[in-house]
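Everything below concerns the one structure shown next.
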């Protein structure tokens with residue numbers, strides 16, 4: 001793919017303003033071409049590698065050998081670690097950076113270049129709307145895709161790090177509302193799961209299954225980030241009973257929501273439909289209580305979120321304020337037991353997280369727990385030039401349910417956020433903060449090292 005280059009220096013027919021506009025147009029065009037090229041290359045790589053993978057697996061089975069995962073770790077470089085600490089750890093986390101869970105996660109991310117590039121890319125994409133950060137995001141994401149393609153061609157895409165990299169790329173496209181690329185990455189994720197199954201790799205990292213489980217209510221409300229029926233079925237069919245339960249309950253929740261929508265559109269359908277809805281709520285809630293007894297904090301949080309949703313959607317005796325308050329506390333306890341804290345974009349787009357906030361008693365420590373995490377991230381994003389990220393991220397997780405959206409707007413206090421009628425702040429190329437200066441310093445070092 002050829003890019004466009006225009007030299008406007010001393011151009012006789014362009015004024016300075018016109019030359020500036022021309023350069024801006026060329027930049028936008030090239031960025032668009034780069035994104036299109038990246039999507040095309042991924043599709044071609046997937047198609048080209050399908051036959052190669054079949055033949056390679058056949059030969060490996062004949063000789064009885066499976067190659068060990070390739071070690072392409074980058075932990076020996078202090079530069080990537082500095083970027084990771086700056087973007088992911090020092091800023092986004094509030095737990096000690098030297099905690100065992102944190103160190104283990106850092107080591108895992110740095111052991112797979114595709115995962116590292118993907119994570120930094122998605123963070124850069126949503127760090128600031130400034131062109132400099134958006135260009136860096138493109139660079140990191142492009143490198144992540146290239147490394148993933150190399151893994152596919154070399155038969156090493158079954159590794160945990162590659163699984164995380166593809167899931168991260170899917171999350172990135174979901175945040176950008178790019179459904180076409182999002183589906184492409186999820187298709188790739190399903191293929192990787194099938195390859196793992198063919199190689200006899202049945203174990204699955206807990207952070208990955210946790211990500212899928214926490215997307216249960218997002219999928220029910222029409223905003224999945226990595227939840228996909230094909231992906232969940234592949235996991236469930238590979239010996240993961242928790243995912244089988246999630247798949248079954250998710251289907252029942254979707255059916256309940258459709259029945260509820262039909263009833264609200266035509267209340268005269270009769271009392272028998274209302275009775276049926278009550279029966280569905282009771283049946284699903286019983287299964288969710290079983291799911292809540294699971295030892296996994298992700299399973300407990302997802303089940304509590306779904307139980308809160310049912311009480312808001314179809315109030316019964318179980319929807320008393322004290323019951324909701326109790327569920328809100330249980331949600332907080334489950335979230336606090338996650339092995340490591342999720343990235344802020346996962347918090348802000350999590351329907352389950354919003355459910356905990358809505359169920360918590362007003363002015364309680366539980367309410368403040370959820371509010372402070374959301375408000376802190378939103379305020380920081382606004383300070384870097386984003387306009388009302390609470391609307392773009394948080395409300396998006398529940399925008400398909402008018403009743404939930406109304407409840408959220410009624411209790412969410414934006415605090416220091418500007419009014420909806422106030423003009424959006426102009427993005428700054430680089431916020432004047434210690435964190436921004438640290439990021440700039442790290443990238444300056446990167447330029448020197450290359």
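In full-length UniProt numbering, the protein residues as written are 1 to 450. We treat Cβ as the ideally placed atom computed from N, Cα and C, and that holds for glycine.
Contact annotation: residue 393 and residue 247 have beta-carbon atoms that are not nearer than 9 Å. Assignment of residue 227 by DSSP, reduced to helix, strand and coil, places it in the coil class. Burial is judged here by how many other beta carbons sit within 10 angstroms of a residue's own beta carbon; residue 351 has at least 16 and is buried. Taking one beta carbon from each stretch, the segment 133-144 and the segment 181-188 have fewer than 3 pairs nearer than 8 Å; the two do not touch. Taking 4 residues as the minimum length, the alpha helix (DSSP H) runs contained wholly in the segment 158-198 are 160-175 and 179-198, in order along the chain. Annotation: residue 161 to residue 105 spans about 11 Å, alpha carbon to alpha carbon.
When rounded, the separation of the alpha-carbon atoms in residue 269 and residue 263 is 7 Å.
Per DSSP, residue 386 lies in no alpha helix (DSSP H) segment and is marked neither H nor E. Cβ-Cβ distances below 7 Å link residue 127 to 133 and 384 in the same chain, with the five nearest sequence neighbours on each side left out; the list follows chain order. Proximity to residue 212 across 322, 256 and 301 peaks at 301, based on C-alpha coordinates.
The Cβ neighbour count for residue 140, taken over all protein chains shown within 10 Å, is at least 16; the residue is labelled buried. By the C-beta criterion, the segment 190-207 is judged not to be in contact with the segment 375-391, since fewer than 3 inter-stretch pairs fall below 8 Å. With fewer than three CB-CB distances shorter than 8 Å, the segment 273-284 does not count as touching the segment 225-243.
Annotation: the segment 294-318 contains no complete segment of the beta strand (DSSP E) (minimum length 3 residues).
Apart from sequence neighbours up to five positions away, the residues of its chain that approach residue 197 with a beta-carbon distance below 7 Å are 238, ordered along the chain. Annotated three-state conformation of residue 320 is coil, per DSSP. Looking only at 346, 299, 337 and 359, the smallest Cα-Cα distance to residue 328 is reached by 359. For the pair residue 297 and residue 349, the CB atoms are not nearer than the 9 Å cut-off. Going by beta carbons, residue 355 and residue 273 fall outside the 9 Å limit. Around the C-beta of residue 364, fewer than 16 other C-beta atoms lie within 10 Å, and the residue is accordingly described as exposed.
The beta carbons of residue 215 and residue 226 sit closer together than 9 Å.
Rounded to the nearest whole angstrom, the CA to CA distance from residue 265 to residue 258 is 11 Å. Nearest neighbour of residue 187 by Cα position, chosen from 222, 177, 199 and 167, turns out to be 167. Taking 9 Å as the cut-off, the beta carbon of residue 164 is found closer than this to the beta carbon of residue 118. Taking all protein chains in view, the Cβ of residue 411 is surrounded by fewer than 16 other Cβ atoms within 10 Å, so the residue is classified as exposed.
Sequence-distant Cβ neighbours of residue 290 in its own chain, meaning closer than 6 Å and more than five residues away, do not exist here. With respect to the 9 Å criterion, residue 277 and residue 314 are classified as neighbours on the basis of their beta carbons.
For the pair residue 341 and residue 195, the Cα-to-Cα distance works out to about 29 Å. Collapsing the DSSP output to three states places residue 233 in a helix. In the three-state reduction of the DSSP assignment, residue 351 falls in the helix class. If you look at residue 134, you'll find it in the alpha helix (DSSP H) that goes 131-154. In the structure shown, residue 397 adopts helical secondary structure according to DSSP, grouped into three states. In this structure, the alpha-carbon of residue 280 lies about 17 Å from that of residue 221. By the beta-carbon neighbour count (other beta carbons within 10 angstroms, threshold 16), residue 154 is exposed. If the five residues before and after residue 347 are omitted, its C-beta is found closer than 8 Å to the C-beta atoms of 353, 373, 374 and 377, all from its own chain and listed in chain order. Residue 217 has its alpha-carbon roughly 19 Å from the corresponding atom of residue 234.
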